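Colleague: Here it is, the structure, as structure tokens.
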Amino acid sequence: MGIILVATMLTQCTTKREVKLVFDAKAGVGEGALWDYKNNRLLWIDITGKTFYILNSHDASMHSYAMPKEIGTVVPISEDTVLLALSDGMYEFCISNKTLVQKSRPDIDTALVRFNDGKCSPDGALWVGTMDHGVTKPIAALYRVSADYSVRQMADGVTVSNGITWSPDGSTMYYIDSPTYTVVAYDYDVKRSEISNKRVVIQTPKEWGSPDGNTIDAQGMLWVAHWGGGVVSSWNPQTGELLDTISVPSPNVTSVALGGSDKKTLYITTARNWMKPGDEIRYPHAGGLFAVEVEVPGIETHYFKK
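For the sequence shown, my numbering begins at 1036 and goes up steadily by one.
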């Protein structure tokens, strides 16, 4: 019954769109797509490939930067500086001279967990979570990194901390712990950088795989990437209604970001690792960066404020 229901939902809510391959990265785990609107570029990463990428929109050039450890998150600070959450802590990376400086090392057991997905809040703090290496135990957490790089745990009992984003007015934070197959919402206090009133707003079908990264458009609708489902879905978080789905030519879809000159290009990262036997042939561009045009623009990215 569940499979029939999901098939019906996909048929009713799928809009035919042209999903284009932007860059055939063959990324092990492409992730963390984020549109740097001030500099008209897309930031994204390959976690297991330990590589940070910049796609410049003015000439479509792609630049890559090797890192010494796995990367969970990248967020912009300025034109020449980004903040990276590597597996063991927070680092500043200077793009022009390629220098990497560790700014904080939170008290986490890297034998058990590593830093994963994150984004900056409207007040300029970085919210970033950890994940259990085995992806089965709720031993990870969600953290807030402040301007002085102090780190505070904000939620525990997490297994695979993933997509995080804020409503256009900044009053609500949406968050994904992948094995729960849900998107939860919190009330967000911008002045205090605090969360409260956790509730489930979206239940995703298990047949689509685990919800992974997410982003939000100017109308407050969520876009969610699905690991194991080969699909991106769009939802109304106020009603829980499924609005749209986009099929992606890669089974493991990891993150999404709305960008481009009009913020109507949905960039999609994918992963090549952990595919089923034969998927390398069926999905030759798995691990690539894709893009598709949508109708509603995204909102401006929040930057880390020092």
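Idealized CB from N, CA, C, for every residue including glycine.
Since this is a predicted model, take the numbers as computed values, not measurements.
Report back the beta-carbon spacing between F1325 and L1056 to the nearest angstrom; my notes put them in contact at under 8 angstroms.
Modeller: Along the sequence shown, read from residue 1 onward, the residue named residue 1325 stands at position 290. Along the sequence shown, read from residue 1 onward, the residue named residue 1056 stands at position 21. At roughly 6 angstroms, the Cβ-Cβ gap stays under 8 angstroms, so F1325 and L1056 are in contact.
Colleague: Going by DSSP, what residue range makes up the beta strand (DSSP E) through E1276?
Modeller: Taking the sequence shown and counting its residues from 1, one reaches residue 1276 at position 241. Where E1276 is concerned, the enclosing beta strand (DSSP E) stretches over 1276-1282.
Colleague: Using the Cα positions of L1135 and K1154, report the straight-line distance between them to the nearest angstrom.
Modeller: In the sequence shown, counting from the first residue as 1, residue 1135 sits at position 100. In the sequence shown, counting from the first residue as 1, residue 1154 sits at position 119. One C-alpha to the other measures close to 20 angstroms.
Colleague: Is it buried or exposed for P1286, if we count other Cβ within 10 angstroms and need 16 for buried?
Modeller: As a position in the sequence shown, residue 1286 is number 251, starting the count at 1. Buried.
Colleague: Between which residues of its own chain and F1128 is the CB-CB distance below 6 angstroms, once the five residues before and five after are set aside?
Modeller: Here residue 1128 corresponds to residue number 93 of the sequence shown, with the count starting at 1. Same-chain partners within the cutoff: V1117, L1119, L1135.
Colleague: Compare the Cα-Cα distances from V1195 to each of M1189, A1176, T1207 and report the closest residue.
Modeller: Walking along the sequence shown from the start, residue 1195 turns up at place 160. Nearest option by C-alpha distance: A1176.
Colleague: What separation, rounded to the nearest whole angstrom, lies between the Cα atoms of V1266 and N1151?
Modeller: For the purposes of this step, residue 1266 is taken as the residue at position 231 of the sequence shown. For the purposes of this step, residue 1151 is taken as the residue at position 116 of the sequence shown. So the alpha carbons of these two residues sit roughly 21 angstroms apart.
Colleague: Between R1140 and the rest of its own chain, which residues show a CB-CB distance below 7 angstroms, the 5 nearest in sequence each way excluded?
Modeller: Numbered from 1 along the sequence shown, position 105 holds the residue referred to as residue 1140. The residues are D1123, G1124.
Colleague: Taking 9 angstroms as the cut-off, decide whether the C-beta atoms of T1305 and A1062 are in contact.
Modeller: Position 270 of the sequence shown, counting from 1, holds the residue named residue 1305. Position 27 of the sequence shown, counting from 1, holds the residue named residue 1062. Their beta carbons are under 9 angstroms apart, which means T1305 touches A1062 by this criterion.
Colleague: Can you check DSSP and say which residues form a bridge with A1333?
Modeller: Here residue 1333 corresponds to residue number 298 of the sequence shown, with the count starting at 1. With the sequence shown as reference, residue 1333 is identified as Gly, and Ala is not the correct amino acid for it. For G1333, which the question treats as bridged, DSSP gives the partners D1252.
Colleague: Quick check: the Cα distance between K1172 and H1093, rounded to an integer number of angstroms?
Modeller: In the sequence shown, residue 1172 corresponds to position 137, counting from 1. In the sequence shown, residue 1093 corresponds to position 58, counting from 1. K1172 and H1093: Cα-Cα distance of roughly 44 angstroms.
Colleague: Going by C-alpha distance, which of I1130, W1262, Y1221 is nearest I1089?
Modeller: Here residue 1089 is taken as the residue at index 54 of the sequence shown, counted from 1. Nearest option by C-alpha distance: I1130.
Colleague: Assuming A1179 is part of the beta strand (DSSP E), what are its boundary residues?
Modeller: As a working mapping, residue 1179 is identified with position 144 in the sequence shown. Position check: residue 1179 holds Arg in this sequence, whereas Ala was assumed. R1179 -> beta strand (DSSP E) spans 1175-1180.
Colleague: Taking three-plus beta-carbon pairs below 8 angstroms as touching, is the segment 1288-1300 in contact with the segment 1268-1279?
Modeller: No, the segment 1288-1300 does not touch the segment 1268-1279.
Colleague: Ordered along the chain, which non-local residues of its own chain (more than five positions away) have a Cβ less than 7 angstroms from that of A1190?
Modeller: Position 155 of the sequence shown holds residue 1190. Answer for A1190: A1176, L1177, listed in chain order.
Colleague: Where do the ends of the beta strand (DSSP E) carrying I1316 lie?
Modeller: By 1-based counting over the sequence shown, the position of residue 1316 is 281. Counting along the chain, I1316 falls outside any beta strand (DSSP E), though it belongs to the alpha helix (DSSP H) covering 1314-1317.
Colleague: Per DSSP, what are the beta-bridge partners of G1065 in this structure?
Modeller: In the sequence shown, residue 1065 corresponds to position 30, counting from 1. DSSP output for G1065 lists D1081 as bridge partner(s).
Colleague: Quickly, what does DSSP pair P1246 with across the bridge? List them, please.
Modeller: What you label residue 1246 is simply residue 211 of the sequence shown in a count that begins at 1. P1246 is bridged to H1261.
Colleague: Can you look up T1215 in the DSSP assignment and give me helix, strand or coil?
Modeller: Here the question's residue 1215 lines up with position 180 in the sequence shown. Looking at T1215 - three-state DSSP - the assignment turns out to be helix.
Colleague: Is DSSP giving K1138 helix, strand or coil here?
Modeller: Here residue 1138 is taken as the residue at index 103 of the sequence shown, counted from 1. Here K1138 sits in strand by DSSP.
Colleague: Could you check what DSSP says for K1233 in three-state terms: helix, strand or coil?
Modeller: Working through the sequence shown from its first residue, we reach residue 1233 at position 198. Reduced to three states, the DSSP call for K1233 is strand.
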